[in-house]
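> Residue numbers (this note's numbering): 200 to 321.
Spelled out as structure tokens, the structure:
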């Protein structure tokens, strides 16, 4: 992946040997059934995941997808983390984070910083 806005899709059953690096730009990563080692250089990057995921140091946004009960965890940056329709545990850690639980019996933990927590309809 390189300069510009890239999209990477990791489908179930596939394998990746090494690290995926989106380079510069606002990149999107779809993680479907795998948890990968991701790296990025700059831009505002978003991860869509069907498995529990912790954001790496250079990532800002996480959206959990599907119906499974998943966990989403931020990093030291300002993160936006959005749950799915399952029962989610969302953790912002440091930074001024926005956590949105959506549906399900969700647990939200902001951590350090001025955080915005929205439990959703669950």
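Think of the CB as a built atom: it goes at the ideal place given N, C-alpha and C, for glycine as much as any other residue.
When DSSP labels each residue in this structure, what does residue 315 get in the three-state scheme?
On the chain shown, residue 315 is found 116 positions in, with the first residue counted as 1. In this structure, residue 315 counts as strand in the three-state DSSP scheme.
> Under a Cβ-count criterion, where at least 16 other Cβ atoms within 10 Å of its own Cβ denotes burial, should residue 217 be classed as buried or exposed?
One-based indexing of the chain shown puts residue 217 at position 18. Interpretation of residue 217 is limited by its pLDDT of 48, a score under 50 that renders its predicted location unreliable; the figure taken from the coordinates is listed afterwards. By the 10 Å Cβ count, residue 217 comes out exposed.
> What do you get for residue 320, buried or exposed, if any count of 16 or more other CB atoms within 10 angstroms of its CB means buried?
Locating residue 320 in the chain shown gives position 121, counting from the first residue. Classification for residue 320: exposed.
> Which residue wins for smallest C-alpha separation from residue 264, given the options 281, 305, 296?
Indexing the chain shown from 1 puts residue 264 at position 65. Cα-wise, what sits closest to residue 264 is 281.
> Using CA atoms only, rank isn't needed, just tell me which of 313, 311, 294 is closest to residue 256.
In the chain shown, residue 256 corresponds to position 57, counting from 1. The residue with the shortest Cα to Cα distance from residue 256 is 294.
> How is the beta strand (DSSP E) around residue 259 delimited, first residue to last?
Mapped onto the chain shown, residue 259 falls at position 60. No beta strand (DSSP E) holds residue 259; DSSP gives it neither H nor E.
> In this structure, does DSSP put residue 270 in helix, strand or coil?
For the purposes of this step, residue 270 is taken as residue 71 along the chain shown, with counting starting at 1. DSSP places residue 270 in strand when its eight states are reduced to three.
> Quick one: Cα of residue 250 to Cα of residue 303, how far?
Stepping through the chain shown from its first residue, residue 250 is reached at position 51. Stepping through the chain shown from its first residue, residue 303 is reached at position 104. Each residue's alpha carbon lies about 16 Å from the other.
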